[in-house]
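Here's the structure, in C-alpha cells; my notes come after.
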Amino acid sequence: MKQDAKHNTLEQIHIAAKKEFLEKGFKTASLRNIVKMAGVTTGAFYGYYKSKEELFGALVDEQYHYVMEHFCQAQDEFAELPAEEQPDHVGEISVDCMLDVLLYAQNYPEEFQLLLCCAEGTRYAGMIDEMVEIEVEATHRYQESLDSVGRPSPEIDSMLEHMLATGMFNTYFEMFIHQMPLDQAKIYLKTMHEFYTAGWIKILKQ
28 MKQDAKHNTL
38 EQIHIAAKKE
48 FLEKGFKTAS
58 LRNIVKMAGV
68 TTGAFYGYYK
78 SKEELFGALV
88 DEQYHYVMEH
98 FCQAQDEFAE
108 LPAEEQPDHV
118 GEISVDCMLD
128 VLLYAQNYPE
138 EFQLLLCCAE
148 GTRYAGMIDE
158 MVEIEVEATH
168 RYQESLDSVG
178 RPSPEIDSML
188 EHMLATGMFN
198 TYFEMFIHQM
208 PLDQAKIYLK
218 TMHEFYTAGW
228 IKILKQ
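The sequence shown begins at 28 in this note's numbering and counts up by one.
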C-alpha cells in the first residue's frame, strides 16, 4: 500500500472511531461499526491496531500525557521553591499549569471529550484519580515544608483529603466537558483558584 493511501486509511479509521466513541463511549462502541464507517475490512484494521483500546489510545494518548506531564512538572516546581517561600505561592504554579492545559485543550475539544466522558473501560479513565494521588502526595510534602520552617499544620483525614482533591479536579474539568468559551473559562479558573486556595489555607491553619 502506498504511503498516501495508508495515511488516508488511518485517517478514516480515526474519524470513524472518534464519532463512534463520542456517541457511545468506549465500552459500548462497536469495532464493527468503526471499520464499516471507515470503509475498511476488519482484517485491514488489525494491520494498524491490535484492539479497540489501542485505537482509543491512539486518539487520546498525546493529550493524556500532556496533562499529566505538565501537572507533575508544576508540582515539582513548587516543591523546589525554598520552604520559607512556599506559603506565599500556594496554588500559583498549579493554576498557571491548569491555564496552560486549558489553552492547549482548545485545539483538541474532541480528544478531551473522549478522555473525560468516554474512557470508561480503558486505562485513561483513571486520569483524575492519578492527579488526585499526585495532589495528595504534594500536599503532604508541603506540610513537611511547613513543619521545617516552624509552621506546623494539622493532620488531614485521608478520606476528606481525597474527596476535596477529587472535587477540585472534577470542578476544573467541568469547563472542558461543557466546552466553555475560553474567556469565560479563564474567569472561572481564577475564581476556582481563589476558592480552593483559601480553603486549603484554612484547613492547614496557615
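The beta carbon of each residue, even a glycine, is placed where N, CA and C say it ideally should be.
Bear in mind that the values here come from a model prediction, so they are computed numbers and not experimental data.
- The beta strand (DSSP E) runs of length 3 or more contained entirely in the stretch 153–188 do not exist; there are none.
- Y131 places its beta carbon 8 angstroms or farther from that of V87.
- Where P208 is concerned, there is no enclosing alpha helix (DSSP H), because DSSP gives it neither an H nor an E.
- Here DSSP, grouped into helix, strand and coil, assigns S121 to helix.
- Going by beta carbons, L143 and I204 fall inside the 8 angstroms limit.
- No residue range can be given for Q113, since it is assigned to no alpha helix (DSSP H) and is classified by DSSP as neither H nor E.
- Two segments are said to touch when three or more pairs of C-beta atoms, one from each, lie closer than 8 angstroms; by this definition the stretch 210–220 does not touch the stretch 166–178.
- Looking at the backbone, the Cα of N35 and that of N60 are separated by about 18 angstroms.
- When rounded, the separation of the alpha-carbon atoms in T68 and I183 is 55 angstroms.
- Put simply, of Y223, R168, I161 and Q133 the residue whose alpha carbon is nearest the alpha carbon of L108 is R168.
- Per the C-alpha coordinates, the member of Y93, H97, S57 and E89 positioned closest to S78 is S57.
- When P114, C99, A106 and G148 are compared, the shortest CA-CA separation from V128 is found for C99.
- Collapsing the DSSP output to three states places A146 in coil.
- Annotation: the continuous alpha helix (DSSP H) that includes G84 extends over K79 to E107.
- In summary, Y91 is buried, with 16 or more beta-carbon neighbours lying within 10 Å of its beta-carbon over all protein chains present.
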